[in-house]
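If you want this note's numbering, it's the 1-based position in the sequence shown plus 11. All C-beta atoms, glycine included, are put in the ideal place defined by N, C-alpha and C. Keep in mind the model is a prediction, meaning the values are calculated, not measured.
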Amino acid sequence: MPMRRIWLQYFDCSLPRRLGRKLSKQFCIENPKPEELLEACENLGIKCMYVQNKKYPRVWYRPGGLIVVETSFSKYHIIKLLARYIHEKRSARR
Numbered sequence: 012m013p014m015r016r017i018w019l020q021y022f023d024c025s026l027p028r029r030l031g032r033k034l035s036k037q038f039c040i041e042n043p044k045p046e047e048l049l050e051a052c053e054n055l056g057i058k059c060m061y062v063q064n065k066k067y068p069r070v071w072y073r074p075g076g077l078i079v080v081e082t083s084f085s086k087y088h089i090i091k092l093l094a095r096y097i098h099e100k101r102s103a104r105r
């Protein structure tokens, strides 16, 4: 099964698209945390692994990380699934 790299910056609302955000403003997440993404992957039944101390090249000056996901879905599909799960989880807390 293919391995996909999912950077935390793909979800970050504070970044413009030219600096790496992949989702539209309605789906993006404020201050995404690796723990949230790992929990989302686990609950969606997706094998994943967090890689620390990696920085997204476009915003090398910001702390970040990388999640390696093993799945046959497209990268964009996985990003949308994870974002939707995190949005639902955060709205349930309120």
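Residue i and residue j closer than 8 Å at C-beta
i	j	result
I78	Y61	yes
E41	K58	no
C24	K36	yes
Same chain, Cβ closer than 7 Å to residue i, five either side skipped, listed in chain order
i	result
Q63	G76
L92	L55
For residue i, the three-state DSSP class (helix, strand or coil)
i	result
I89	helix
Y72	coil
W97	One detail in the question is off: residue 97 reads as Ile in this sequence, not Trp. I97: helix per DSSP, three-state reduction.
Y21	helix
R28	helix
C59	strand
E81	strand
Cβ-based neighbour list, residue i, same chain, cut-off 6 Å, excluding 5 preceding and 5 following
i	result
M14	V79 and E81
Straight-line Cα distance separating residue j from residue i
i	j	result
L26	M12	31 Å
R73	K66	7 Å
K86	Y21	11 Å
V70	I17	15 Å
P43	L49	11 Å
L96	E46	Sequence inspection shows Tyr at residue 96; the Leu mentioned does not correspond to that position. Roughly 13 Å between the two C-alpha positions.
F84	A103	27 Å
K100	R32	21 Å
Close-in-space but distant-in-sequence residues of the same chain around residue i (CB under 8 Å, 5 per side omitted)
i	result
A94	F22, L34, F38, C39 and I40
Residue i CB to nearest heavy atom of the ligand PLP below 7 Å
i	result
I57	This structure lacks the ligand PLP; in fact it carries no ligand of any kind.
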